[in-house]
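Below is one structure, written out as C-alpha cells, with a few remarks after it.
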DNA sequence: AATAAACTTGCAGCCACTGCAAGTTTAAGG
DNA sequence: CCTTAAACTTGCAGTGGCTGCAAGTTTATT
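Chains as they are written, first to last, in this note's numbering: chain A, 1 to 220; chain B, 221 to 440.
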C-alpha cells in the first residue's frame with residue numbers, strides 16, 4: 001500500500017506496475033467508500049483505473065483483496081523483530097513490542113485505513129477476510145513462539161493462546177482507533193489493550209455514576 | 221444443526237423443511253469433506269439432497285453457510301445466561317460460564333464439527349466466515365457487558381477487549397479440541413484457556429526435557 | 001371443496017473469476 | 001540499432017455462485 005521506495009532496480013516496467021496497482025487500490029477504496037462494496041463491480045474499478053477488468057485479476061486474486069490489501073511486508077518485519085525480542089523478555093511483552101511495527105505501518109497509511117473502515121462498516125462481509133489475512137500470520141507466529149519455548153504447538157495451548165489473544169486485542173485497539181477517526185494514538189490504544197491482557201482482564205474500576213444491582217463478589 | 225425437538229407446532233410442512241435442511245447440510249459436509257470445498261458445486265449438493273439447486277438457495281444464502289451452519293440458537297442462550305450471571309461475579313468468570321453452553325452444544329454435535337474441521341483445514345477460506353458468524357454475536361455481547369458495567373462501549377475499551385480475548389481463547393480451545401479428534405474434553409480445554417487469560421498470559425513453566433539449540437541467552 | 005399461503009423449480013441473467021491465445025511493450029544481447 | 005525473449009495487457013469464452021421472477025405444486029384453513 002504505502003509506496004515503498006526501495007533502492008532495488010526499478011525499470012520503467014516495475015514502476016508502471018506499481019502505478020497500476022496503486023491506481024487500482026485507490027479506485028477500489030474510493031468507489032467502495034462512496035457506493036458500498038457490492039454496488040461496485042470489478043469493471044467499475046478497472047475502468048476508473050484505466051485498465052481492463054482482466055488486468056485487475058492479474059493484480060488481485062479477488063475484489064476483496066483490492067480493498068483490503070495484503071500487508072505481507074509488515075508481517076515479515078514483525079516476525080524478524082519477534083525473533084530478536086523473544087529471547088530477552090517475556091513472550092507477551094515481546095509480542096507487544098513487535099506489534100508496534102504494524103502500528104507504525106498503519107499510522108503511516110492512515111487515509112487508506114480510514115477508507116477501509118468506512119467500507120467494512122457498510123459491508124461487514126469484508127471483516128472476516130481481513131481476519132483471514134492475519135490467520136496465516138497468526139499460524140506462523142504461533143509456531144515461532146512454540147519453537148522459542150520448546151513446546152509442541154498443538155499439544156501445548158499457550159503459544160496459540162497468546163497469539164490469538166494479542167491479535168484480538170490489536171483488532172480491538174484498531175477498531176477503536178478508526179472509530180475515533182484518528183483522534184487517539186493507535187499505539188496508545190494498543191498499549192492499553194495489552195495492559196488489560198497482562199493484568200488478567202480484571203473488572204475495570206468504573207468511576208461510579210451510580211451503583212449497579214447485585215453485589216459483585218470478589219473471588220477468593 | 222442439532223435436530224431440535226420443540227413442543228412447537230410441527231406440521232408435516234415444517235417437518236419436511238427440517239428434513240430438507242438437514243439433508244442439505246449433511247450432503248454439503250459429506251461431499252466437501254470428501255472432495256474439498258471448491259471441488260463441490262451447489263448442484264452436486266442439491267442433487268445429493270434430492271432438491272433443485274434453486275431450492276438450495278432458499279435454505280442457505282451461500283454455499284459456505286451450508287457447510288458452516290448458523291449457530292444462532294446457542295448465541296441467544298448464551299446471551300440469556302450472561303444476563304443472569306453478570307451481576308453476581310466478575311465479567312471474565314461470567315463469560316467463562318456462559319461459554320459452557322456453547323461448549324455443550326458443540327460436544328453434542330461432535331460429528332458435524334469434526335467434518336467441518338476437516339473441510340476448513342483443506343479450504344482455509346472458510347475460516348473467516350466462521351469467525352464472521354461470531355462477529356455479530358461478539359458485538360452484541362460487547363454491548364451487553366458495557367451496559368452491565370455502565371460504560372460507553374466505544375469510549376471504554378474493556379468490554380470489547382474481554383469479548384475479543386475470550387472469543388479468541390474459545391477458538392483456540394476449539395481448534396485444539398478438533399485437532400485432538402475429541403480425545404480431550406472441549407470443556408477442559410476452554411477452562412485451561414480461560415485460566416491462562418485470567419492469569420495474564422504469563423510465560424508457561426516448561427518442564428525442561430532437554431535444552432534447545434541455538435542458545436537463547438537470557439541477559440542478566 | 002375452495003381459497004390462500006407456503007414451497008419448489010426452471011429460466012434468464014448478473015457478476016466474480018479463470019485459462020487460453022492473441023497482441024503489445026520492455027528488457028537484454030549482439 | 002536490431003533482434004529475440006520475456007513480461008504485461010487484453011479479449012473471449014466458459015464455469016459457477018447467486019438472485020428475481022413467474023409458473024406450478026403442495027399444504028394449511030375455513
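Just so it is clear, CB atoms sit at the ideal spot from N, CA and C, and this is done for glycine as well.
DSSP three-state label for residue 289 of chain B, please. coil
So, at 6 Å on beta carbons, what are the nonlocal neighbours of residue 386 of chain B in its own chain, with the 5 sequence-adjacent residues on each side left out? 315
Whether residue 369 of chain B touches residue 311 of chain B by CB criterion (9 Å): yes
Sequence-distant residues of its chain with Cβ nearer than 6 Å to residue 248 of chain B (five each side left out): 265, 286 and 287
Same chain only: Cβ atoms within 8 Å of residue 253 of chain B, ignoring 5 sequence neighbours per side: 335, 338 and 339
Is residue 159 of chain A closer than 9 Å to residue 175 of chain A when the C-beta atoms are compared? no
Whole-Å CB distance - residue 56 of chain A paired with residue 122 of chain A, under 8 Å assumed: Contact doesn't hold; Cβ gap of about 21 Å is too wide.
Does residue 54 of chain A pass the burial test, meaning 16 or more other C-beta atoms within 10 Å, or should it be called exposed? exposed
Could you tell me the alpha carbon to alpha carbon distance between residue 261 of chain B and residue 373 of chain B, rounded to whole angstroms? 42 Å
Any C-beta of chain B sitting closer than 9 Å to the C-beta of residue 156 of chain A? yes
Determine the extent of the alpha helix (DSSP H) in which residue 119 of chain A is found, giving its start and end residues. 110-122
Contact between the segment 343-356 of chain B and the segment 123-133 of chain A is defined here as three or more beta-carbon pairs at a separation below 8 Å; is this criterion met? yes
Mind listing the chain A neighbours of residue 349 of chain B? Cutoff is C-beta to C-beta under 7 Å, in chain order. The contacting residues are 128.
Determine, using beta carbons only, whether residue 421 of chain B and residue 190 of chain A come nearer to each other than 9 Å. Contact annotation: residue 421 of chain B and residue 190 of chain A have beta-carbon atoms that are not nearer than 9 Å.
Considering only their Cβ atoms, is the gap separating residue 318 of chain B from residue 291 of chain B smaller than 9 Å? no
Under 9 Å, Cβ to Cβ, is there at least one residue of chain B near residue 119 of chain A? no
Excluding the five sequence neighbours on either side, which residues of its own chain have a C-beta within less than 8 Å of the C-beta of residue 402 of chain B, listed in chain order? 330 and 334
Taking all protein chains shown into account, decide if residue 50 of chain A is buried (16 or more other Cβ within 10 angstroms of its Cβ) or exposed. exposed
Proximity below 9 Å, CB of residue 320 of chain B to CB of residue 365 of chain B: no
If you measure from the beta carbon of residue 185 of chain A to each beta carbon in chain B, is any gap under 9 Å? Interface with chain B (9 Å Cβ-Cβ cutoff): residue 185 of chain A is excluded.
Segments of 4+ residues assigned as alpha helix (DSSP H) that fall wholly inside the segment 235-298 of chain B: 262-269, 273-279 and 283-288
Nearest CA to the CA of residue 140 of chain A: which residue from A:15, A:76, A:14 and A:187? Checking every option, the nearest Cα to that of residue 140 of chain A belongs to A:76.
In angstroms with no decimal places, state the Cα-to-Cα distance between residue 407 of chain B and residue 235 of chain B. 33 Å
Counting along the chain, where does the alpha helix (DSSP H) carrying residue 183 of chain A start and finish? Counting along the chain, residue 183 of chain A falls outside any alpha helix (DSSP H), and DSSP gives it neither H nor E.
Taking Cβ to Cβ, would you say residue 242 of chain B is nearer than 9 Å to residue 171 of chain A? Going by C-beta atoms, residue 242 of chain B is not nearer than 9 Å to residue 171 of chain A.
So, is residue 231 of chain B buried or exposed, given that buried needs 16 or more other C-beta atoms within 10 angstroms? By the neighbour-count rule (16 or more Cβ atoms within 10 Å), residue 231 of chain B is not buried but exposed.
Whose C-beta lies closer than 6 Å to the C-beta of residue 415 of chain B among residues of the same chain, with five residues either side of it excluded? So the list is empty, once near-sequence residues are dropped.
Specify, as a first and last residue, the run of the alpha helix (DSSP H) that residue 140 of chain A falls within. 126-149
Please name the residue in A:39, A:84, A:168 and A:173 whose C-alpha comes closest to that of residue 377 of chain B. Out of A:39, A:84, A:168 and A:173, A:173 has the C-alpha closest to the C-alpha of residue 377 of chain B.
Beta-carbon proximity of residue 357 of chain B to residue 298 of chain B, cut-off 9 Å: Yes, they are a contact pair.
Helix, strand or coil: how does DSSP classify residue 87 of chain A here? helix
Can the beta-carbon of residue 88 of chain A be found closer than 9 Å to that of residue 59 of chain A? no
Using the Cβ count rule (16 or more neighbours within 10 Å means buried), how would you classify residue 389 of chain B? buried
C-beta contact flag for residue 405 of chain B and residue 327 of chain B at 9 Å: yes
Whose C-alpha, out of B:332, B:304 and B:301, is nearest the C-alpha of residue 244 of chain B? B:332
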